[in-house]
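J.: Per my numbering, the very first residue in the sequence shown carries number 1083; after that it's consecutive. Positions of the beta carbon are idealized from the N, C-alpha and C atoms, including for glycine. Here the structure is a predicted model, which is why all the values come from computation and not from measurement. I have a structure here, written as structure tokens, and I will follow up with some questions on it.
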Amino acid sequence: MDKKKISLLLVILIIGGVLYFFVFNKKEYNEYQKDFYEAINKDYKKDKEPSTVFTDAQVKVNKRLDEITKEFINGNDNAKILYNQLLNTNNREIGILKGYIDSINNSNNIKEFIDNAMMVEHDLSVDIFTNIIVMADLKDTNKNIVYFQPITMDFGTDCYYYNDKDYDSITAYLKKYGLAILNAYGMPRPNEVSKNIFEFEKNICSESYKKDDLTDPTKLYNPVTKSELKKIYTNIDVDRYLSIYGIENREYYSVVDVGNLKKFNSLLTDDNLDILKKFTILKILEQYSPYLTMDYITPYMEFYNLLNSDKVVSNTDELALRTIEVAYSKTLGIEYNNKDFSDKKKEIIEALIKELLGYYEQDIKDIKWMSNSTKEAAIKKIKNMKVNVGLGSNMPTYESTYIFKSNNSLLLNIVGINNVENDYMFNQLDISGFYLDIPLTTVNAYYNILDNSINFPAAVGVLFNENDNYYDILGSMGMIIGHEITHALGSKGANFDENGNLKDWWTESDYKEYKKLQDKVRDYYSSFEVFSGLKVDGEVTLDENISDLGGLRAITEIAKQKDAKDEDYKKMYESYAKLWADNYTKEYLALMSIQDIHSPNKVRVNAGLITLDKFKELYEITPETPMYRDNVESIW
Ligand SMILES: [Zn+2]
1083 MDKKKISLLL VILIIGGVLY FFVFNKKEYN EYQKDFYEAI NKDYKKDKEP
1133 STVFTDAQVK VNKRLDEITK EFINGNDNAK ILYNQLLNTN NREIGILKGY
1183 IDSINNSNNI KEFIDNAMMV EHDLSVDIFT NIIVMADLKD TNKNIVYFQP
1233 ITMDFGTDCY YYNDKDYDSI TAYLKKYGLA ILNAYGMPRP NEVSKNIFEF
1283 EKNICSESYK KDDLTDPTKL YNPVTKSELK KIYTNIDVDR YLSIYGIENR
1333 EYYSVVDVGN LKKFNSLLTD DNLDILKKFT ILKILEQYSP YLTMDYITPY
1383 MEFYNLLNSD KVVSNTDELA LRTIEVAYSK TLGIEYNNKD FSDKKKEIIE
1433 ALIKELLGYY EQDIKDIKWM SNSTKEAAIK KIKNMKVNVG LGSNMPTYES
1483 TYIFKSNNSL LLNIVGINNV ENDYMFNQLD ISGFYLDIPL TTVNAYYNIL
1533 DNSINFPAAV GVLFNENDNY YDILGSMGMI IGHEITHALG SKGANFDENG
1583 NLKDWWTESD YKEYKKLQDK VRDYYSSFEV FSGLKVDGEV TLDENISDLG
1633 GLRAITEIAK QKDAKDEDYK KMYESYAKLW ADNYTKEYLA LMSIQDIHSP
1683 NKVRVNAGLI TLDKFKELYE ITPETPMYRD NVESIW
């Protein structure tokens, strides 16, 4: 199944116990001055498996989710049919995929190929010509429109991996597992074919956005009419293509990455017929590999585990359970919320949100570099912010409409899920309002640019205990909340108004000033290293760094308003540092730093904290101590 992902349109911004000494002894004192992050987290586990406090918490939630899912399957005859089929890995066949693969193989010319590939894309939800999603119009979020996202590559990954040396470590895995899939299929000369497909993919991706381009939402919004779309897709029958989806009469469409689609279009020629066939067949097989035989499942699981360190799948029974968990993610998330997210925790989070929103409103009034009219607009954005804690607004779910039949093949039942999901998605075109698909069992928090909302899935509650000290919670949950609120005004969020519409609400000189301040944050973080020899990318991480600085300043000011004692501040800062503990090796840090738009955890802690006078005072960070840096002031 293919829960449609919003890949390039980064419209949501996710965030990613305390040591406490009344009396410092000399040794610890020095450790703090040297490397605060290390001093706090030196005892964090040293396992081989890469983990963080967030992934540990997610593992805990996942165990609970497994229990809830098993109960759910027991009480739901329909889900039981699918689950039993997933458990049985014997006698699986390529079944319904065969007809589609044959149609691709037997295409005699490019026109036949395009006609057949359109049906593959529509019927099997394998994106060939684009990756269609329905989402709120960035400029008028009251209505939903069709987006043409860039074509995804192996195992649904994004194009920007393919033409950049930075991503060699990831593309090496993609090649390896792609080759394993071709072997499972019995493709003649698999090594050569794999190599050719990879080169072809690099070519498709050569005109696509680079990762840096993704930091500017305005670049990703390109509305086009049908006739303009025809100028992009000169080699395909656009009328036929749109009518397959029933979207031929839309006023306009939005193309996320024009270069990507134009390039792919230019490759739709008879010369490329052979490689296009192989590229398409591999995409079909990769997408459906978890539902095929072990030859396919094994490479799929290896790739899955590589990207999901918190949800390791070691056998097919676990894979079956995971599949049910994804298919019924909303239903199960609501179950989890009702069973495990206590009213007390919800109250704690909501009370903190109220405090923080109040702080921001006040703080914006006092900003010196901003004119009154821009301040008013910024405050409006804070005042208008929607807050979803746990269930939040009523989440609609289509999952109760799945119908699985035991005399259908597994593949047919899986395709049935895709059809339900697609129907639901296209139905959004007729209504106002747009729902994002972040399961409630996700240990994370996010800001949704498109409706100006901060969101806290139920599972984020495992990051603190109900009876923890207020300052412990302020340092962890409070900081997470402040971080998310700051996203509303960050380098991406500042382009959208209080209703989530892409709209300029700045005076020219204020925005110029804001850009200057951003430059300072960019330069500041660029001066830090992931590890010796690898610099932080201050551009890609800019928005997240602005949010970290904003959140840290906010909790510090709130503590100040409460006349916090030094011990309270220490609790708060150490709680913050603990939240980001990890055991990443150098190799894993390198891998993460090319995928993640956040700074590495250690930098989030050390670079963030030393911008605070109170922190420097408490731990006696002076120009003589190693922790010291000439730093920036938080923008928000
Ligand atoms: Zn963030």
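Below 8 Å CB to CB, which residues in the same chain sit around Ile-1640 once its five sequence neighbours on both sides are set aside?
T.: Counted from its first residue, the sequence shown places residue 1640 at position 558. If we look at Ile-1640 and ignore the five residues flanking it on each side, its Cβ neighbours are Glu-1437, Leu-1438, Tyr-1441, Leu-1556 and Gly-1560.
J.: Is any heavy atom of ligand 1 found at a distance shorter than 7 Å from the C-beta of Ile-1628?
T.: What you label residue 1628 is simply residue 546 of the sequence shown in a count that begins at 1. Outside the cutoff, so no.
J.: So, at 8 Å on beta carbons, what are the nonlocal neighbours of Leu-1090 in its own chain, with the 5 sequence-adjacent residues on each side left out?
T.: What you label residue 1090 is simply residue 8 of the sequence shown in a count that begins at 1. With a pLDDT of 47 at Leu-1090, under the threshold of 50, the predicted position of this residue should be treated as unreliable, and no value is reported.
J.: Using 8 Å as the threshold, is the stretch 1127-1142 in touch with the stretch 1520-1531, meaning 3 or more CB pairs across them?
T.: Result yes; three or more Cβ-Cβ pairs closer than 8 Å.
J.: Do Leu-1256 and Ser-1276 have their C-beta atoms closer together than 8 Å?
T.: Taking the sequence shown and counting its residues from 1, the one referred to as residue 1256 is at position 174. Taking the sequence shown and counting its residues from 1, the one referred to as residue 1276 is at position 194. In this structure, Ser-1276 does not lie closer than 8 Å to Leu-1256 by Cβ.
J.: In chain order, which continuous runs of the alpha helix (DSSP H) of length 4 or greater are located wholly inside the stretch 1645-1682?
T.: Complete alpha helix (DSSP H) runs here, min 4: 1648-1661 and 1668-1677.
J.: Looking at C-alpha atoms only, which residue of Leu-1164, Ala-1663 and Ala-1659 is the closest neighbour of Ala-1409?
T.: Within the sequence shown, residue 1409 is the residue found at index 327, counting from 1. Among Leu-1164, Ala-1663 and Ala-1659, the Cα nearest to that of Ala-1409 is on Leu-1164.
J.: For the alpha helix (DSSP H) containing Asn-1509, list its first residue and its last residue.
T.: For the purposes of this step, residue 1509 is identified with residue 427 of the sequence shown, where counting begins at 1. First-last of the alpha helix (DSSP H) with Asn-1509: 1492-1509.
J.: Below 7 Å, is the gap between the Cβ of Glu-1569 and the nearest heavy atom of ligand 1?
T.: As a first step, residue 1569 must be located in the sequence shown, where it is residue number 487. Looking at the sequence provided, one finds His at residue 1569 rather than Glu. For ligand 1, at least one heavy atom lies less than 7 Å from the Cβ of His-1569.
J.: Check the DSSP bridge columns for Met-1376 and list the partner residues they point to.
T.: Locating residue 1376 in the sequence shown gives position 294, where the first residue counts as 1. Its beta-bridge partners do not exist; DSSP assigns none.
J.: Using 7 Å as the cut-off, classify the Cβ of His-1565 as near or not near the heavy atoms of ligand 3, replying yes or no.
T.: Among the ligands modelled here, namely ligand 1, ligand 3 does not occur.
J.: Mind checking which residues open and close the alpha helix (DSSP H) that includes Met-1201?
T.: Position 119 of the sequence shown, counted from the start, is the residue given in the question as residue 1201. Counting along the chain, the alpha helix (DSSP H) containing Met-1201 begins and ends at 1192-1206.
J.: Determine the contact status of Lys-1468 and Asn-1534, defining contact as a CB-CB distance below 8 Å.
T.: For the purposes of this step, residue 1468 is identified with residue 386 of the sequence shown, where counting begins at 1. For the purposes of this step, residue 1534 is identified with residue 452 of the sequence shown, where counting begins at 1. Yes, the pair counts as a contact, with Cβ atoms nearer than the cut-off.
J.: In the structure shown, what three-state DSSP assignment does Glu-1611 receive?
T.: What you label residue 1611 is simply residue 529 of the sequence shown in a count that begins at 1. Looking at Glu-1611 - three-state DSSP - the assignment turns out to be strand.
J.: With DSSP run on the structure shown, which of helix, strand or coil describes Ser-1348?
T.: Walking along the sequence shown from the start, residue 1348 turns up at place 266. Residue state, collapsed to three classes: helix.
J.: Is Ile-1531 near ligand 1, in the sense that its beta carbon is under 7 Å from a heavy atom of that ligand?
T.: Position 449 of the sequence shown, counted from the first residue, corresponds to residue 1531. False, no ligand heavy atom lies under 7 Å from that Cβ.
J.: Would the C-beta of Ile-1096 count as close to ligand 1, meaning under 7 Å from any of its heavy atoms?
T.: Counting from one through the sequence shown, the residue named residue 1096 turns up at place 14. Yes; taking the cut-off as 7 Å, the Cβ of Ile-1096 has a heavy atom of ligand 1 nearer than that.
J.: Between the stretch 1345-1360 and the stretch 1303-1321, do at least 3 Cβ pairs fall closer than 8 Å?
T.: With a cut-off of 8 Å, the stretch 1303-1321 and the stretch 1345-1360 count as touching, because enough Cβ pairs lie within range.
J.: Go ahead and label Lys-1686 buried or exposed: buried means 16 or more other beta carbons lie within 10 angstroms of its beta carbon, across all protein chains shown.
T.: The sequence position of residue 1686 within the sequence shown is 604, counting from 1. The displayed chain sequence assigns Arg, not Lys, to residue 1686. Its Cβ being crowded by 16 or more others within 10 Å, Arg-1686 is buried.
J.: Look at the alpha carbon of Phe-1486 and the alpha carbon of Tyr-1267, and state the distance between them as a whole number of angstroms.
T.: By one-based count along the sequence shown, residue 1486 stands at place 404. By one-based count along the sequence shown, residue 1267 stands at place 185. Cα-Cα distance, rounded: 27 Å.
J.: Quick check on the burial criterion: 16 or more other C-beta atoms within 10 angstroms. Buried or exposed for Tyr-1242?
T.: On the sequence shown, residue 1242 is found 160 positions in, with the first residue counted as 1. Tyr-1242 is buried by the Cβ-count criterion.
J.: Does DSSP put Ser-1336 in a helix, a strand or coil?
T.: Locating residue 1336 in the sequence shown gives position 254, counting from the first residue. In this structure, Ser-1336 counts as strand in the three-state DSSP scheme.
J.: Cα separation between Ile-1366 and Tyr-1480?
T.: Within the sequence shown, residue 1366 is the residue found at index 284, counting from 1. Within the sequence shown, residue 1480 is the residue found at index 398, counting from 1. Roughly 25 Å separates the two Cα atoms.
J.: So if DSSP puts Phe-1538 in a beta bridge, which residue, or which two residues, is it bridged to?
T.: Along the sequence shown, one-based indexing puts residue 1538 at 456. For Phe-1538, which the question treats as bridged, DSSP gives the partners Val-1471.
J.: Considering only C-alpha positions, which residue in the set Arg-1635, Leu-1473, Asp-1219 and Ser-1573 is nearest to Tyr-1334?
T.: Position 252 of the sequence shown, counted from the first residue, corresponds to residue 1334. The residue with the shortest Cα to Cα distance from Tyr-1334 is Asp-1219.
J.: Could you pull the DSSP bridge partners for Met-1217 from this structure?
T.: Stepping through the sequence shown from its first residue, residue 1217 is reached at position 135. In the DSSP output, where bridge partners are listed per residue, Met-1217 has Ile-1227.
J.: Using 10 angstroms around the beta-carbon of Tyr-1244, count the other beta-carbons present and answer buried if the total reaches 16, otherwise exposed.
T.: Against the sequence shown, residue 1244 aligns to sequence position 162. Result: buried.
J.: Kindly provide the ranges of any alpha helix (DSSP H) runs that are 4 or more residues long and lie completely inside the stretch 1106-1146, ordered along the chain.
T.: Fully enclosed alpha helix (DSSP H) runs of 4 or longer: 1108-1116 and 1118-1123.
J.: With Asn-1530 as the anchor, note down where its alpha helix (DSSP H) starts and where it stops.
T.: Residue mapping note: residue 1530 aligns to position 448 of the sequence shown, counting from 1. Where Asn-1530 is concerned, there is no enclosing alpha helix (DSSP H), although the beta strand (DSSP E) it sits in stretches over 1528-1530.
J.: Below 8 Å between beta carbons: does that hold for Ile-1461 and Ile-1446?
T.: For the purposes of this step, residue 1461 is identified with residue 379 of the sequence shown, where counting begins at 1. For the purposes of this step, residue 1446 is identified with residue 364 of the sequence shown, where counting begins at 1. Yes, Cβ-Cβ distance for Ile-1461 and Ile-1446 is below 8 Å.
J.: State yes or no: is the C-beta of Gln-1510 within less than 8 Å of the C-beta of Asn-1226?
T.: Walking along the sequence shown from the start, residue 1510 turns up at place 428. Walking along the sequence shown from the start, residue 1226 turns up at place 144. A contact, by the Cβ cut-off of 8 Å.
J.: Check the C-beta distance from Tyr-1655 over to Leu-1691 and give it rounded, since I have them as a contact under 8 Å.
T.: As a position in the sequence shown, residue 1655 is number 573, starting the count at 1. As a position in the sequence shown, residue 1691 is number 609, starting the count at 1. The pair is a contact, with the Cβ atoms about 6 Å apart (cut-off 8 Å).
J.: Taking DSSP as the reference, what is the three-state secondary structure of Phe-1578?
T.: By one-based count along the sequence shown, residue 1578 stands at place 496. Reduced to three states, the DSSP call for Phe-1578 is strand.
J.: Using the DSSP secondary-structure output, state which residues sit across from Ile-1096 in a beta bridge.
T.: To locate residue 1096, count along the sequence shown from 1; it is residue 14. Paired residue(s): Tyr-1528.
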